[in-house]
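Mapped onto our numbering, the consecutive letters of the sequence shown carry residue numbers 605 to 1012.
We put the CB at the ideal spot given by N, CA and C, even for glycine.
Keep in mind the model is a prediction, meaning the values are calculated, not measured.
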Amino acid sequence: MSTTTVLFTVFSTLAVMAQGNMLVAPILEPNNVYSQRRICPLPTCKSCPTTEELTQPGIGFALEMGHGTAAIRYHNKTIQPVIQIQGSETYTALMRDLSHTTPQTRFPDDIPTLSGKLAYARARLVRLANKALGRPANAQTAILSEMITQLRAYVEEVLSAGTSMASITHAVISSPDSIRLTAEELGDVLDYLKITNVMAEPDELFAASAAYAGFGHGLCATYIKHCVCDREEDNLPYQRVLHLDFTDEALTTTVKGMKSWKRLGVDGSAIVIELGYKRLDEDEASNDDTSGVLFDKIRDHIRDFTISTGFKITEIMLTGTRVRDQRFKDAVSGALRDLVAEDTMKSLETAIKTQEEPDFVFATAKGAAEVAKRRLEGPVRCVWSDECKKSIDNSEGVKDGDGNMELK
Ligand SMILES: *[C@@H]1O[C@H](CO)[C@@H](O)[C@H](O)[C@H]1NC(C)=O
């Protein structure tokens, strides 16, 4: 055996031992893991939740291309947008790099060369070593943690509201659909920050699903009972959603069919950095008469993308910091006028008119917060027993600090 082979074997064995996992192809859960129905009824949970556990707020973070947002979902069902934080140069550069990747390219099933395998094994070991030492697992973890740390500070400030400092223990993070940060990648961020990732079934949350939930769609009423919730969501109307996210940094287009927000996988998703709003200034700087050019390109891209998926769109969902720009709205209508039904277009116009700016900017974080709250309150692998009734009944009426009932 050559030295390299010996080294490789040692690395592999170590990595396997350290992780209890196979070396190559260990990380990525295929996108369809959750496509099967769970077996109902679920068994009874072994212990009861405390009232405090049931009533704690859900915290949602959204990692967007050039910024991050946070929202809180209280037990009284109010969802509060908290903060939008501009990404640092490093953050934005990382997201831009990630926009050219998918989980499959970040964690390939098979690495053709031995040196590639070695580098991979080494990166896995360094990750584990860093984690063991309480350091960020890798550069990506460090950059994303910095963003989440800033968002967390504002959420904690809102939650403490002048009283003793609240600290967040749980959260759900959403990421863009074509990047799809994995449970492991976000787990590394949250482990480093000592926050529990409460995302489960499905184990990952991406922007289109999060925003859909953030706008109040695809959500069952009886979420404390997982099997009942599934049946309810199965009876929701099926929508083929075109999700357009327009920010300074990029235009993101996604087509996804959904009844429930839980549906995994998309029909197509693309992030186009060249169509971010900030390109407008660059266009204008280079030529006096190009202000219309960016929006023409946006119109053409939305149109071509939608046609390329081959689906009839039944719902258009807008998110991002720049979607209320009249020129963007015109570009969307221009792109889709003859591709979608008239009432689909009409409900989009109503949404633009009636919704406030924060609804578009925070929809993704709000959805993540809603999902976090649902996972904190309703177990996904068992059902609360009858004996748990007391804490559940107690949680129905939430008392605030002064002992006033806020909700019966
Ligand atoms: C829900 O609770 C939050 C935090 O205590 C509060 O700010 C909000 O006003 C409440 N909403 C309703 C509808 O009572």
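- Excluding its 5 nearest sequence neighbours in each direction, G791 has C-beta neighbours in its own chain below 6 Å: N801, listed in chain order.
- For the stretch 965–1004, the full-length alpha helix (DSSP H) segments reaching 4 residues or more read 993–1000 along the chain.
- Within the stretch 661–730, the complete alpha helix (DSSP H) segments at least 4 residues long are 693–702 and 707–710, listed from N- to C-terminus.
- Following the DSSP letters along the chain, one finds E805 in no alpha helix (DSSP H), marked with neither H nor E.
- Residues of the same chain with a CB within less than 8 Å of the CB of D900, apart from the 5 flanking positions on each side, are A935 in chain order.
- In the three-state reduction of the DSSP assignment, I747 falls in the helix class, which pools H, G and I.
- Note that the C-beta distance between I687 and L797 is not below 8 Å.
- Secondary structure note for I956: its alpha helix (DSSP H) is the uninterrupted segment E946 to T958.
- By the Cβ neighbour-count rule, A736 is exposed, with fewer than 16 other Cβ atoms within 10 Å of its own.
- Three or more beta-carbon pairs separated by less than 8 Å link the stretch 759–779 to the stretch 966–974, which places the two stretches in contact.
- Comparing C-alpha distances from A955 to each of V927, D904 and R844 shows the shortest one belongs to V927.
- Annotated three-state conformation of G924 is coil, per DSSP.
- Fewer than three Cβ pairs drawn from the stretch 778–788 and the stretch 832–840 lie within less than 8 Å of each other, which leaves the two stretches out of contact.
- A residue is called buried once 16 or more other Cβ atoms fall within 10 Å of its Cβ, and Q930, having fewer, is exposed.
- In this structure, the CA atom of G880 is about 18 Å from the CA atom of G938.
- Cα atoms of F909 and K993: separation of roughly 50 Å, rounded to the nearest angstrom.
- The three-state secondary structure of S782, taken from DSSP, is coil.
- When P661, A825 and D714 are compared, the shortest CA-CA separation from D838 is found for A825.
- Counting along the chain, H830 sits inside the alpha helix (DSSP H) bounded by residues H830 to D838.
- As the crow flies, the alpha-carbon of T968 is around 25 Å from that of D904.
- Per DSSP, the unbroken beta strand (DSSP E) holding V876 starts and ends at G872 to V876.
- Per DSSP, the continuous beta strand (DSSP E) segment holding R844 begins and ends at Q843 to F850.
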